[in-house]
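K.L.:
Attaching a single structure in structure tokens format; questions to follow.
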Amino acid sequence: MEPTLLGRIGYAFLSLFVITNYGLLLIGSMARISAKVQGRVGQPVYQPYIDIIKSSVKRNAISHGIMFYLGPVFRLAGGVGTYMFIPAVFGSVVFRNFSDSGDLLLVMYFIFFGQLGMALGAGEGGHPYSAIGVSRGLAQMTAFEVPFALSVIAVAIQYGTLDINAIVGAQQGGFLNWTLFTNPLAVVAAIIAFLGMSMHNPFSVVIAPQEIPIGPPTEYQANLLGMLQTNRAIFNGAKLVLYMNLFFGGATNILVMVVKTFLIYFINVFVGQAFPRFRTDQSIRFFLGVPTLIGIASVIIAAV
Amino acid sequence: MNTASFQETLDFAIGRERAAVEFYRELTGKAAFAAQKSALAEFMAMEEGHVAMLTGMKSRGAVNLSPGAAVDLGLARRLAAEEEPTAAMDFQDILVAAIKKEERSGDLYRSLVAAALDPDVKAIFERLEAEESRHKRYFEELYETQVARDN
Amino acid sequence: MRRQNEHVIPPETRATPDLSSGKYLVMWQGPQHPGITGNMSLRLVADGDTVVDCETHVGYLHRGFEKLMERRLWMQNFPLVCRIAVPEPDFNEYCYAAALEELAGVTVPEKAVWLRTLSLEMIRLASFLMWIGGQAGAFGHGTIAQWSVTMRDYVLDLFEELSGGRIYHMYIIPGGVRGDVPDGFLDHVLETMQVIKKNLDDIELVMFHNAVFKMRAVGLGYIPPDWVDKYGITGPNARSAGVARDLRKDLGYLAYPQLDFKLITGGRSDAFERAELRLAEMYQSIDLIRQIVARMPKDGPFRERLPNPLHWKIPAGETYVAAECTRGEYGFYVVSDGGDKPRRVAVRGPSYTHAVSVMERLVRGVNIADVAGLMVSLHTYPPEIER
Amino acid sequence: MDIKDFIAPFAVWKRAFEKPFTVKKPIDERPGAPRYRGFHINDADKCVGCGTCEAICMNRAIDLVPVEGRDAKEGDSGLRPRVDYGRCCWCALCVDICPSGSLNMSNEYVWIDSDPDVFRYTPGVEPKPWDGSALGYRRAEGYRLLDGTRVPMPELDHHEAVKSFLELVRGWSREQAEKEADRCVSCGLCIASCPAHMEIPGYIKAVRDGDLETGLRLLYQTNPFPEACGRICTHRCEEACSIGTDGDPVAIRWLKRYIADQVELADYSKALPRKEASSGKRVAIVGAGPGGLSAAYYLALLGHEVTVHEKDEAAGGMLRYGIPEYRLPYPALDKDIGYIESLGVKIERGAPVGEGRSLASLRERFDAVFLSTGLPAAYGLDVPGEKHPRVLDGVAVLAAATRGQVLGLGARVAVVGGGNVAMDAARTALRNGASVDILYRRREEDMPADPDEIREAKAEGARLVEKAIPLEVKDAGGKARFVWNEATMVQKEAGKRPVPEPIPGAIHEEIYDSVISAIGQGPELSYIAEADGVEIRRFKPVVDRDGLATAAGKAPVFAGGDLVNDRKDAISAIADGHRAASAIDRLLSGKGA
């Protein structure tokens, strides 16, 4: 039975709630794994909750104008927007969100929307580090966008659709149907782009603490920072779900979703702990090199 | 104990103290200079105090003295001065005389304790003996700290 | 990635960018900045993300040590000097103590000489461990930093056991040291060295065979050999430029003449090689510590009796005592006017040269992202600039 | 760059399967090392509040503060160090230097409180969980910042010493004196315990600085007998010395002597203050001992005309007639007295007060009188036979020795008593070729004499017979047969000193050529008449704080010295003299008492 619009909105909120908490726990447990590599016991898994609560109850004393406040709002909107048009669990009524109302292009737009909003907001803060971080971030984003876009194009060609539900549906019926196995080059290009998207080493150029202390978020504190921290969980969740749907056969229940997204996210940490950070120019050169070639190859293969 | 023997016992004791006052008065008569007179006057006043105390007890009808004997520093038994102090007597001479006098009183009461038949009288003599031992102790201590400092 | 022999020597003169042109970005790196190795600040003028001019600013940590010392008794300065270079306080303690002993004509017992050498080598290792964490961290490799700081803590544990203090050991007191080694301490030293050596092997594998680290560090901050004398560059920075200079060899102080070690030099003189050279010196330190433990006299006095510290007067005179610290020549110039307080103390820390003159020049033309890595590769401790 | 550069970095993950470096509960699982320099602990009973920790602390983090229920007493200022952890840098120099070793550190390093004021506290007084901690920073064995060993004083060899009356203690060279002076921490505990409150740290500093004129000036501020006191003072200061809490106390007495010895009498006037203009007032002093002459010195300095009446043929009192030459040579004493006389003090020698020169007449002729006649009369043995001709009086023997008379003590001498007079008499007898037994009623540790004196007397060959209660002196063909009863020490009353109790039957006797009695001395007070109005209690003039015995009648009468005070030593007499001089000056110049 098709739920009413109000019902769908209710489900969407529930879904958003679940993904937020999942995102937070994911961040917490990844921090714990990173700590293990670094020889530490590490923070509690629930530490992100504490951080958000602490930030959110504080009062913001500084104003840099309307755009400054809107930055985190845009960012959060980007995160929520991305998530809202991806089915978290294939075939689920609750977790399908509004995936039938948008397609892959809309989702990709939302991925950038938040960044742009953030760029405008943080730029308003007037701190040079924000500006540098923004320019670095946008430059790198442009770079990893190339292999990512290429692999999305390859997927779209392969499945002949931009509808995410349809792409997931096409991968059902055994893991050999996953894009991972049907179009591995596209997946490789996309995963490399994903490293850049997730801001882990060696692509952590935006927040690069030793170079430009934390970059754009430097200027944000208190509840605005809380908003950014919340978005981080949602946005991560959304991207992971998207990757899972496009390349790893989606999920038919929440457990599969958790396992798959956890593993996808772990790739970041796995690489991130082993390498230092690229300089921005090195990062750009990197993305425009091998990953782009792989992406092109995947498109060619898909097209042929 | 009957009242008579109580009165009698105390009268005897008061008599001893009066004799002590007389002893010092006699010594004062021999004294040649201020320091001697001052020391003797002090000890005499002490004995007069004892007279007053015993008289008070007599009128109240109860002996109010501790039975605990003071520690014997053992000086009295050794000190030599048999001879009576002279006009040139110094502090040592006066103290020795005082210690000897208290020693004699103690000895007397001790023999009275031994001779007493009435247990109550015996108890009073015991207490008086203890009291005299405390007086002796007082002078012995003075002797130790003021005279025989180096011995 | 830059190739070898492609070194661009930064211009000697400062650029004069027209800041009102709107072309340049003026940016302060520090004093609150995770990429700065202490309380110091760099005022960078960037053209895009390339630094065209840099001005170093110190003074954030100025406590006037040298002046304070003139107001304190000779012995009272002993707990003060260690604060001049926080990560390796023992060199201050040694230089101050040795200067006083020289002026007062005191000979330190043999046992104290060895204990001092042990203490200096241990802190050399600790300081290098802290540095290697900083070097990895400056390029974003936090994992190495976490490991090496742990290893440093293990050395600090040893210091805690030996002297009762982790950071400020205050162990090398004028006249000798403050105590003999506790029971079992030397075994702990050897065990810890084993652990650290194993970890250094891991670091060597992960950090020095790392594509990204090489991309960042190779060719960065090239110091031409002819700068060494011109700027007064010492320590690994000079040795990496191929200049064989090490006070442990050149002056032969403490027990170093009796220890077996080779001077390590390089020639490529960039951030990567300086890191490699320091790693090699860390291994060398471990080796030296093992030698010291094996050859140290078992007993004997560890401190020469000095006059009452409350009235101790040192005959008039002046002296300069130097030691090779992790960053180069560390020296104390002490003047006595015969009184119970120093007339003048001047501290020569290598960071003055490295973090101010050399840094200001090397940073010209460098990407903003590399400024932190470059600064760390010079291994500087700002507190010693501000005595 | 090769493929290894892409693969090798993943080796970091090896670490993920190993035990973490960090621990979950650092506070519980990570105690400080045994030597850790944590929060201070102080044994408040051992601490003497000398403040050396305060002096060495470069951060001024330590303050000496009064503590409830702990009063100042000799050798203890009653203060205790309070540490301010807002300033402390945990360098532990305070622990290193603490003279008594009471101040230490625990290995406790965690202390959290929201009230910043609690981090300033007095260890050992305010209870803390780490009090009495067995672990923590301690001074290493064999490591001390202060020197606990006294510079050895050159002395005559005992075999040599006993042959003559040459001065035993030779005195220090400049180097030795400066080395000893260096041991002082200038805590000043000694000042409080010195009866004259001499500026001890000041003159020790003068020795260190080689500025002996300043040193001499500081000595004369409170004591015009530095030569004498530098030799024979009972040095209560050294008992209070904080360095002595864990080592030899600073040899304050010898340092004083060093200063006085080094400055020639002719140079005294350059260093010392000049007399004030004449006040026209006249003061009589009875007795030219240390008390009387001190009063004379300070009164003369204040411009008063002073006349000292001395019964003996030479001035100095007990310093001259009671102390043998080998301890205090006469030239040294003459130097002290000579300087006092040079200020115009008139000493009438051989002029006893009494018949023809009564106290009343002095009160007529002078504006004030100071009595310091001391304790010239020896108390008798008070045993049967004490009037035996071979039973001698210790004080008289010493005086005869001073006068150069033939003592004729014989070959075997017994000295009865355990005070300094007994020791002096014994050693004088030894120097006259006698073999000497010292008989004392109690044990050696109960002897009132200076431990040094006892040690030296024994070293010179005197035999010490402890626990010997004199019983009787019998005649043995012109010699004296001394009978004593061996005693055992019995603790009869708690808190009092044990009493010698004769052991029945343990009677010993020995024949001696002379028996010197030195059990104690008393005053000679026959010159004070009742009419003088001086109150006397138990053979002691009763005086107020300033030494005033009576203001009634003509000139006020002051008294001091052994006659009055209980300490019965030179320095107390000097203090009395100084105090009385100040009081007399106030009275005479109308400044109010």
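Residue numbers (the numbering used here), protein chains in the order written: chain A, 30 to 333; chain B, 2 to 152; chain C, 225 to 611; chain D, 594 to 1186. All residues carry an ideal CB built from backbone N, CA and C; glycine is no exception.
What is the DSSP secondary structure of D/Met543, reduced to helix, strand or coil?
P.N.:
Given a span of 594 to 1186 for chain D in the structure shown, any question on residue 543 of chain D remains unanswerable.
K.L.:
So, is D/Met594 buried or exposed, given that buried needs 16 or more other C-beta atoms within 10 angstroms?
P.N.:
Label assigned to D/Met594: exposed.
K.L.:
Identify, in the order they occur along the chain, each residue of the same chain with its Cβ nearer than 7 Å to the Cβ of C/Met251, setting aside the five sequence neighbours on each side.
P.N.:
Result list for C/Met251: Leu268 and Ala270, in chain order.
K.L.:
Ordered along the chain, which non-local residues of its own chain (more than five positions away) have a Cβ less than 8 Å from that of C/Thr274?
P.N.:
For C/Thr274, where only same-chain residues beyond five positions count, the Cβ hits under 8 Å are Gly589, Val590, Asn591 and Ile592.
K.L.:
When the Cα atoms are used, what is the spatial distance from A/Val70 to A/Phe304?
P.N.:
For A/Val70 and A/Phe304, the distance between alpha carbons rounds to 21 Å.
K.L.:
Tell me which residue opens and which closes the alpha helix (DSSP H) that A/Asn252 is part of.
P.N.:
Per DSSP, A/Asn252 belongs to the alpha helix (DSSP H) from Ala251 to Phe276.
K.L.:
Cβ of A/Val163 less than 7 Å from any chain D Cβ?
P.N.:
Chain D, which has no Cβ nearer than 7 Å to the Cβ of A/Val163, makes this no.
K.L.:
Could you tell me whether any non-hydrogen atom of the ligand FMN is closer than 6 Å to the CB of D/Ser1182?
P.N.:
The ligand FMN is not part of the structure shown, which contains no ligands of any sort.
K.L.:
Going by C-alpha to C-alpha distance, which of D/Leu1000, D/Val1029 and D/Leu809 sits closest to D/Val1009?
P.N.:
Per the Cα distances, D/Val1029.
K.L.:
Taking D/Thr1143 as the reference, which of D/Asp1162, D/Arg1160 and D/Ile1121 has the closest Cα?
P.N.:
Per the Cα distances, D/Ile1121.
K.L.:
Quick one: is D/Arg623 near chain A, going by C-beta distance under 7 Å?
P.N.:
False, the Cβ-Cβ gap to chain A never drops below 7 Å.
K.L.:
What is the DSSP secondary structure of C/Met225, counted as helix, strand or coil?
P.N.:
Residue placement at C/Met225 cannot be trusted, given a pLDDT of 45 that sits under 50; what the coordinates show is reported in the next sentence. C/Met225 falls in the coil class under three-state DSSP.
K.L.:
Assuming C/Phe526 contacts C/Asp404 under a Cβ cut-off of 8 Å, what Cβ separation, rounded to an integer in Å, is found between them?
P.N.:
Right, their Cβ atoms sit about 5 Å apart.
K.L.:
Residues of the region 28-42 of chain B with a CB closer than 9 Å to any CB of chain D: list them in chain order, please.
P.N.:
Going along the region 28-42 of chain B in chain order, one finds Ala33, Phe34, Ala35, Ala36, Gln37, Lys38, Ser39 and Ala40 with a Cβ nearer than 9 Å to chain D.
K.L.:
First and last residue of the alpha helix (DSSP H) that includes D/Asp598?
P.N.:
Run containing D/Asp598: Lys597 to Ile600, per the alpha helix (DSSP H) assignment.
K.L.:
Between the alpha carbons of C/Leu266 and C/Glu312, how many angstroms are there, rounded?
P.N.:
Approximately 23 Å between the Cα atoms of the pair.
K.L.:
List the residues of chain A that C/Gln418 touches, going by C-beta distances under 7 Å, in chain order.
P.N.:
Within chain A, no residue comes near C/Gln418; the closest Cβ sits about 16 Å away, beyond 7 Å.
K.L.:
Can you list, in chain order, the residues of its chain with a C-beta nearer than 6 Å to that of D/Ser699? Leave out the 5 residues immediately preceding and following it.
P.N.:
Same-chain partners within the cutoff: Gly631, Phe632, Ile634, Trp723, Ser726 and Gly729.
K.L.:
Listed in chain order, which residues of the region 290-306 of chain C have Cβ atoms closer than 8 Å to some Cβ of chain A?
P.N.:
Cβ contacts with chain A come from no residue of the region 290-306 of chain C.
K.L.:
Express the C-alpha separation of C/Val442 and C/Phe432 in angstroms, rounding to a whole number.
P.N.:
Their Cα atoms are separated by approximately 11 Å.
K.L.:
In whole angstroms, what is the alpha-carbon distance linking D/Ala1004 and D/Ala1027?
P.N.:
Cα to Cα, D/Ala1004 sits roughly 4 Å from D/Ala1027.
K.L.:
Can you grab the Cα-Cα spacing for the pair C/Ala360 / C/Ala369, in whole Å?
P.N.:
Cα-Cα distance, rounded: 6 Å.
K.L.:
State the beta-bridge partners of D/Ala877 as determined by DSSP.
P.N.:
In the DSSP output, where bridge partners are listed per residue, D/Ala877 has D/Thr900 and D/Val962.
K.L.:
Rounded to a whole number of angstroms, what is the C-alpha to C-alpha distance between D/Ile784 and D/His790?
P.N.:
If I take the Cα positions, the gap works out to 5 Å.
K.L.:
Kindly list, in the order they appear in chain B, the residues whose Cβ is closer than 8 Å to that of D/Tyr1105.
P.N.:
Correct list: empty, because the minimum Cβ distance to chain B is about 17 Å.
K.L.:
Tell me whether C/Ala593 sits in a helix, a strand or coil according to DSSP, three-state version.
P.N.:
Three-state DSSP puts C/Ala593 in a helix.
K.L.:
Out of curiosity, what's the CA-to-CA distance linking C/Arg611 and C/Val559?
P.N.:
Distance between the alpha carbons of C/Arg611 and C/Val559 is about 16 Å.
K.L.:
Please decide whether A/Gln187 counts as near chain D, where near means a Cβ-Cβ distance under 7 Å.
P.N.:
Chain D contact via Cβ: absent.
K.L.:
Whose CA, out of C/Tyr392, C/Ala504 and C/Ser351, lies closest to the CA of C/Val600?
P.N.:
It is C/Ser351 whose Cα lies nearest to the Cα of C/Val600.
K.L.:
Would you identify the three-state DSSP class for C/Gln253, choosing helix, strand or coil?
P.N.:
It is a strand residue.
K.L.:
My output table needs one value for C/Met431: the three-state DSSP class, helix, strand or coil.
P.N.:
Correct three-state label for C/Met431: helix.
K.L.:
Name, please, each residue of chain C whose Cβ falls closer than 8 Å to the Cβ of D/Ala601.
P.N.:
What D/Ala601 touches in chain C: Leu429, Val430, His433 and Asn434.
K.L.:
If you drop the 5 nearest sequence neighbours on each side, which residues of the same chain put their C-beta closer than 7 Å to that of A/Tyr249?
P.N.:
Cβ within range, chain order: Pro101 and Leu257.
K.L.:
My understanding is that D/Ile1096 touches D/Lys1072, with C-beta atoms under 8 Å, so please give their C-beta distance in whole angstroms.
P.N.:
Incorrect: roughly 26 Å between the Cβ atoms, too far for contact.
K.L.:
Going along chain D, which residues have a C-beta under 7 Å from B/Arg150?
P.N.:
Within 7 Å Cβ-Cβ: Gly1012, Pro1041 and Gly1113.
K.L.:
Could you compute how far the alpha carbon of D/Ile1062 sits from the alpha carbon of B/Asp94?
P.N.:
Straight-line Cα distance between these residues: approximately 19 Å.
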